[in-house]
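Positions -8 to 250 (the numbering used here) are the ones given, in order, by the sequence shown.
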Amino acid sequence: MSGFLFDDIVFGPVKSRRFGVSLGINLLPETMKYCSFNCIYCECGLTAPDQEQHARLYSTEQVTSALHERFKVLKTQGLEPDNITFAGNGEPTLHPGFNIIIDNTIELREKYFPKAKITVLSNATRLHVPSVKEALLKIDNNVLKLDAGSEEMFRRINRPASPVKLSTIIDNLASFQGKLIIQTLFLRGIINNQVVDNTAEKELTLWLEHLERIKPALVMLYSVSRETPEQNIEKVSKDEMLLIAGKLDSMQIPCEVFE
Ligand code: SF4
-8 MSGFLFDDIV
2 FGPVKSRRFG
12 VSLGINLLPE
22 TMKYCSFNCI
32 YCECGLTAPD
42 QEQHARLYST
52 EQVTSALHER
62 FKVLKTQGLE
72 PDNITFAGNG
82 EPTLHPGFNI
92 IIDNTIELRE
102 KYFPKAKITV
112 LSNATRLHVP
122 SVKEALLKID
132 NNVLKLDAGS
142 EEMFRRINRP
152 ASPVKLSTII
162 DNLASFQGKL
172 IIQTLFLRGI
182 INNQVVDNTA
192 EKELTLWLEH
202 LERIKPALVM
212 LYSVSRETPE
222 QNIEKVSKDE
232 MLLIAGKLDS
242 MQIPCEVFE
């Protein structure tokens, strides 16, 4: 399957299971996914091996102008989003103007919707870039992905395009000193004849050790909810995730489970 792609820079507002009434911002191309991961469960489909050759990004000015226009229209209609959420067709921090776009969004938010939160959903592969980290520290909800405990499971689930290591990502997540939200998608399956299961005891133990070190303000647990590009992926039940949440509770790490 090709996956679901957003066909505009600004989309919604839509009702989100995690972020209420959410106005989405897509900094990636409209016609293809552009990401530093190739997650087995990605709703946008698989990452093309030659994506670098084809990815055409909107300029920082075009993104800011699209956002400004939509804010003006929503204000006129009396529609106020709870969240302005950077997600879309891939990894938002890959946009070279990401930090400037965040600054511009904060300015527009103050002017039009001062109560709205700014949220970024990122896969945490660009935290080593100082301007990206700086921008993420300015927003309300800095939501960063951590799906695995071991390097092996990380490579099986997230399938990074570059040789990035999970241990490096953990170091970078810990450097936020708790000013972050972790999101983890739980699943099981057999992909390319390999077992994928981030709920296995060994995986969970390592994942909890990482979280103990990272000390996130919140952990969001969820499972697959739409069609996935790889087949044979099993959704993890809410009850099972509540058991995992109980382990976080006993470590005094706040968490929320989403169906
Ligand atoms: S990080 Fe997000 S956009 Fe990238 S492959 Fe994974 S799920 Fe898809």
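For every residue, glycine included, the Cβ atom is placed at its ideal position computed from N, Cα and C.
### Query
So does the stretch 53 to 67 actually touch the stretch 88 to 98, counting three or more Cβ pairs closer than 8 Å?
yes
### Message
For residue 81, list the residues DSSP reports as bridge partners.
### Response
25
### Task
Kindly examine the ligand SF4 and report whether one of its heavy atoms sits closer than 7 Å to the Cβ of residue 15.
no
### Task
Output yes or no for whether 8 Å exceeds the beta carbon distance between residue 216 and residue 232.
no
### beta-carbon residue 38 near the ligand SF4 non-hydrogen atom, thresh 7 Å
yes
### Chain-order list of residues whose beta-carbon lies under 8 Å from that of residue 208 (same chain, five-residue window excluded)
169, 170, 171, 172 and 245
### Buried or exposed by the 16-neighbour rule on C-beta atoms within 10 Å, applied to residue -8
With a pLDDT of only 43 at residue -8, under the threshold of 50, the placement of this residue in the model should not be trusted, and no figure is reported.
### Query
Looking at residue 132 and the ligand SF4, is the gap between the Cβ and the nearest heavy atom below 7 Å?
no
### Query
With C-beta atoms as the reference, is residue 81 less than 8 Å away from residue 25?
yes
#### Entry: Coarse secondary structure for residue 211, derived from DSSP in three states
strand
### Task
For residue 246, write down the residues that DSSP places opposite it in a beta bridge.
210
### Task
Please name the residue or residues paired with residue 153 in a DSSP beta bridge.
Paired residue(s): none; residue 153 is not in a bridge.
### Query
Going by beta carbon distance, what residues of the same chain come within less than 7 Å of residue 322, once the five residues before and after it are set aside?
It is not possible to answer for residue 322, since the shown part of the chain is limited to -8 through 250.
### Message
For residue 174, which residues in the same chain have their Cβ closer than 6 Å to its Cβ, ignoring the five residues on either side in sequence?
### Response
134, 136 and 211
### Message
Since residue 32 and residue 181 should fall inside the 8 Å C-beta cutoff, what is the C-beta to C-beta distance between them, to a whole number of angstroms?
### Response
Not quite, the Cβ-Cβ distance comes to about 14 Å (not below 8 Å), so this is no contact.
### Query
Which whole-angstrom value describes the C-beta separation of residue 148 and residue 201, a residue pair presumed to lie in contact below a C-beta threshold of 8 Å?
Not a contact, Cβ separation roughly 14 Å.
### Query
Which two residues bound the contiguous alpha helix (DSSP H) that contains residue 89?
89 to 103
### Message
For residue -5, which residues in the same chain have their Cβ closer than 6 Å to its Cβ, ignoring the five residues on either side in sequence?
### Response
34
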